[in-house]
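Comments concern the structure below.
Structure representation (structure tokens):
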């Protein structure tokens with residue numbers, strides 16, 4: 146997140162810039178990398194006291210000083226998870242509390258000015274996270290429905306201001322995403338996909354890992370439209386998941402919920418109480434629509450505490466009049482939210498679109514004016530590493546580490562540059578493996594990356610035994626990670642148990658994020674070595690090998706020595722693929738496919754090359770099209786089965802192959818075709834059918 150924030154601060158391109166909303170990334174990058182120690186020391190007590198201070202102001206607006214005091218006392222208790230440091234959770238909790246304060250202030254007298262203030266507070270919270278996206282129209286509908294018919298027209302200007310102010314801050318963000326991606330992205334781009342996909346199949350908790358495979362989302366489908374179709378076709382699992390999430394939400398704080406609901410009923414004639422209750426119920430309800438984690442609900446507890454405490458204060462013999470405006474306790478947070486919003490909007494407006502090559506130029510230009518900025522140097526060295534220029538990245542990564550020795554990303558990139566350029570030694574590698582602090586966030590991911598980097602380093606130097614040992618440590622670190630799937634309750638039905646088995650299989654296969662990590666690390670090596678290094682860790686379908694292929698790196702075989710003569714362009718493409726020159730093969734196949742898009746064998750050849758390059762999504766799409774064009778193309782079935790997401794899908798693919806492409810193949814002939822030795826009397830397609838039949842039998846025996 147901090148790396149993305151630094152890229153936004155400096156206006157330099159980076160991958161995944163739209164994955165999350167920008168405010169937390171920018172503020173955290175500025176706070177951690179650019180704020181003075183004096184400013185940090187002044188901010189820590191404000192951050193720690195923030196939830197209690199805002200609960201105090203909310204209580205005062207609901208029930209005067211007594212309500213504020215009780216609200217602050219409740220919000221200061223440990224269950225509110227107050228933190229002295231600045232993180233995304235802390236920041237979002239403060240923004241939600243600030244929006245609640247301004248909501249209660251506006252409820253007493255909904256003028257256009259107060260509506261604008263509330264709308265801007267909601268807008269700033271949307272720049273951090275998106276849950277309040279639907280709250281402004283819900284509030285507008287609430288007020289219109291409750292207002293007498295004669296007053297509804299007079300409410301429209303204020304409600305229009307509220308809606309405009311709530312969403313106007315998203316316009317620069319959407320425009321930036323249009324420049325970068327060429328499509329409309331008003332909120333996060335993909336961050337909620339796992340929540341959406343797993344909720345659609347009825348799973349209550351959030352799920353990390355290969356959620357597309359677990360939920361059954363096709364690789365070529367966008368998650369939200371797929372989930373909508375799934376829920377419309379099978380609404381019952383989704384509704385059961387919503388009910389389970391509601392039960393979980395209430396069970397987290399049952400006494401607090403009971404007190405809140407009781408106080409809401411007792412104060413049902415007071416608009417400030419009702420609108421605060423509406424915000425609380427909306428926040429809980431919107432999180433019940435998608436898969437959740439416990440931390441998603443943490444911003445809600447101070448609001449429930451404030452409403453419950455203010456309601457209890459109203460039962461006291463001596464009553465206090467509600468405060469008519471936010472007091473001094475809220476002013477630092479109002480100022481901070483305004484400053485953060487302005488900083489983020491400035492960064493978003495200045496961020497460039499997709500730059501033409503060379504992409505390093507924006508970072509280099511920024512470095513000329515700020516040569517001692519550690520994070521700019523880090524971004525520059527990372528871009529060099531991703532382009533296979535590790536030797537050039539050593540100097541900039543070393544300078545970044547000298548300026549900022551604490552951040553893990555800066556340390557890792559320097560070790561990465563040293564390893565890929567051949568300048569590393571065991572002491573440097575130890576700093577990202579055995580020397581890692583187990584208390585680091587996402588320790589298992591970091592340890593796996595370190596051991597995989599050491600694996601590549603040993604492989605490149607021809608140290609097979611050490612490479613195998615490092616690879617075993619990488620897999621062990623990954624397997625020792627905390628469960629990436631933590632159900633809120635034990636599986637209750639056959640579907641839940643089946644999903645749990647698939648999750649266990651997914652984690653055991655180690656195919657969640659490790660292949661992408663291997664490819665990204667290998668990218669720092671020179672082009673003539675990176676593919677041979679990665680191919681000894683991953684198989685042809687892009688999955689992690691259970692055992693490393695160590696030894697000397699395989700040398701590409703000249704096309705002249707391949708089995709097929711280099712005659713026409715199709716033969717040249719196959720020869721290039723056989724010799725290991727996959728990019729040349731793809732460059733030869735692309736124009737052929739463009740000229741003959743209905744040629745199933747060309748589609749199959751390109752799908753195989755995609756698979757060998759690790760581009761599984763394109764490979765599956767190409768092979769599926771090849772089979773639609775020619776359902777009897779046996780080799781396409783064999784390739785598609787190797788890319789199957791699970792054993793069941795592979796079985797279905799092999800069975801379809803024997804049914805469509807090999808319908809008259811006798812079992813005895815299948816066994817003969819699969820045996821090594823003389824077999825030249827059989828055609829290539831017959832031999833492929835034999836392989837398919839043998840693989841099908843092996844899979845059936847593993848049931």
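In the working numbering, the protein residues as written are 146 to 848.
All C-beta atoms in this analysis are idealised placements derived from N, C-alpha and C, irrespective of residue type, glycine included.
Between residue 425 and residue 395, the C-beta spacing is not below 8 Å.
With a cutoff of 8 Å on beta-carbon distance, residue 560 and residue 577 are scored as near each other. Here the alpha carbon of residue 585 sits roughly 10 Å from the alpha carbon of residue 592. Excluding the 5 residues flanking it on each side, residue 471 has same chain C-beta neighbours closer than 8 Å at 202, 206, 246, 247, 250, 479, in chain order. The Cβ-Cβ distance between residue 271 and residue 263 does not fall below 8 Å.
Residue 346 carries a coil assignment under DSSP once its states are collapsed to helix, strand and coil. Ranking 308, 291, 286 by CA distance to the CA of residue 258 puts 308 first. Excluding sequence positions up to five before and after residue 288, its CB lies within less than 8 Å of the CB of 255, 300, 304, all in the same chain and listed in chain order. For residue 669, no alpha helix (DSSP H) segment is defined, and its DSSP state is neither H nor E. When the beta-carbon positions are compared, residue 386 and residue 347 come within less than 8 Å of each other.
Annotation for residue 618: 596 place their beta carbon closer than 6 Å to its own, counting only its chain and skipping 5 residues before and after. Short of 7 Å from the beta carbon of residue 749, and not among the five residues preceding or following it, lie these beta carbons of its own chain, in chain order: 768, 771, 778, 780, 781, 784.
In the displayed model, residue 221 falls within coil according to three-state DSSP, outside both helix and strand. Straight-line spacing of the CA atoms in residue 622 and residue 615 works out to 10 Å. Every candidate beta strand (DSSP E) stretch fails here, since none sits fully inside the stretch 262 to 307 while reaching 3 residues.
When rounded, the separation of the alpha-carbon atoms in residue 787 and residue 722 is 17 Å. Shown here, residue 179 sits in coil according to DSSP, grouped into three states, outside any helix or strand. Beta-carbon to beta-carbon, residue 219 and residue 454 are separated by about 5 Å, close enough to satisfy the 8 Å threshold. Collapsing the DSSP output to three states places residue 794 in a helix. Membership of residue 242 in the alpha helix (DSSP H) is indicated by the continuous run 233 to 253.
Residue state for residue 412 is assigned as coil, using DSSP reduced to three classes.
Our two residues, residue 601 and residue 152, have alpha carbons roughly 28 Å apart in a direct line. Closest in C-alpha terms to residue 243, from the list 678, 159, 481, 222, comes 481. Take residue 753, set aside five residues on each side of it, and the residues of its chain with a beta-carbon closer than 6 Å to its own are 784, in chain order.
Per DSSP, the continuous alpha helix (DSSP H) segment holding residue 321 begins and ends at 315 to 326. Each residue's CA atom was taken as its position, placing residue 459 and residue 212 some 7 Å apart.
Beyond the five residues adjoining it in sequence on each side, residue 178 comes within less than 6 Å, by CB distance, of 520 in the same chain, given in chain order. For residue 310 against residue 265, the beta-carbon gap comes to about 5 Å, under 8 Å, which counts as contact.
Under the three-state reduction of DSSP, residue 493 is assigned to helix. Taking a cut-off of 8 Å for Cβ pairs, the stretch 157 to 166 and the stretch 187 to 194 do not touch, as fewer than three such pairs fall below it. Non-local C-beta neighbours of residue 185 in its own chain, meaning closer than 8 Å and more than five positions away in sequence, comprise 176, ordered along the chain.
DSSP places residue 555 within a helical segment (H, G or I) once states are collapsed to three. Around the beta carbon of residue 476, a 10 Å sphere encloses fewer than 16 other beta carbons of the protein chains shown; the residue is thus reported as exposed.
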